[in-house]
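*Asks:* The structure is given below, and queries will be raised subsequently.
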Amino acid sequence: NKVAVMYAGEIMEMGHVKEVLKEPLHPYTEGLLASFPSLRGKKEKLKGIEGFLPDLSQKYEGCIFAPRCKKAMDICSKKPTEVRMDNGTVVRCHLYGGEKND
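With this note's numbering applied, the sequence shown corresponds to residues 470 to 571, in that order.
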């Protein structure tokens, strides 16, 4: 079974459910999974992703998640391409391919 993680209408990460849930690659997927409450153990305050949702009536040139991303780099002002990882997961993030800079 596969799952696609979408943010603002764009697929950020896609792969086998177990792979994506066990080892998320995209910072949005990481933040999304960290915001889920635990069903076992001590109750803790839920964690959210800082920032605001994008205005979808506007056009974005780069990664649409970049303004909220804790790992954002200058290159995130450019649209990321799909990168296929060895485990088959596809991620759209400059952390996993192409030029990197801060």
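All C-beta atoms, glycine included, are put in the ideal place defined by N, C-alpha and C.
Note that the structure is predicted; figures quoted are calculated from it, not measured.
Determine, using beta-carbon pairs with one atom in the segment 544 to 551 and one in the segment 516 to 527, whether at least three such pairs fall under 8 Å.
*Replies:* As far as the Cβ criterion goes, the segment 544 to 551 does not touch the segment 516 to 527, which means the pair count is below three.
*Asks:* Taking the beta strand (DSSP E) that residue 438 falls in, what are its first and last residues?
*Replies:* What the structure shows of the chain is the stretch from 470 to 571, and residue 438 is not part of that stretch, so it cannot be assessed.
*Asks:* So, at 8 Å on beta carbons, what are the nonlocal neighbours of residue 498 in its own chain, with the 5 sequence-adjacent residues on each side left out?
*Replies:* Along the sequence shown, read from residue 1 onward, the residue named residue 498 stands at position 29. Only 474, 481, 482, 489 meet the Cβ criterion.
*Asks:* As an exercise, report each continuous beta strand (DSSP E) stretch of at least 3 residues that is fully enclosed by the segment 495 to 568, in chain order.
*Replies:* Correct list: 551 to 553, 559 to 561.
*Asks:* Measure how close the beta-carbons of residue 518 and residue 504 come, nearest whole angstrom, since I'm counting them as under 8 Å.
*Replies:* Residue numbering aside, residue 518 sits at position 49 when the sequence shown is read from its first letter. Residue numbering aside, residue 504 sits at position 35 when the sequence shown is read from its first letter. Right, their Cβ atoms sit about 7 Å apart.
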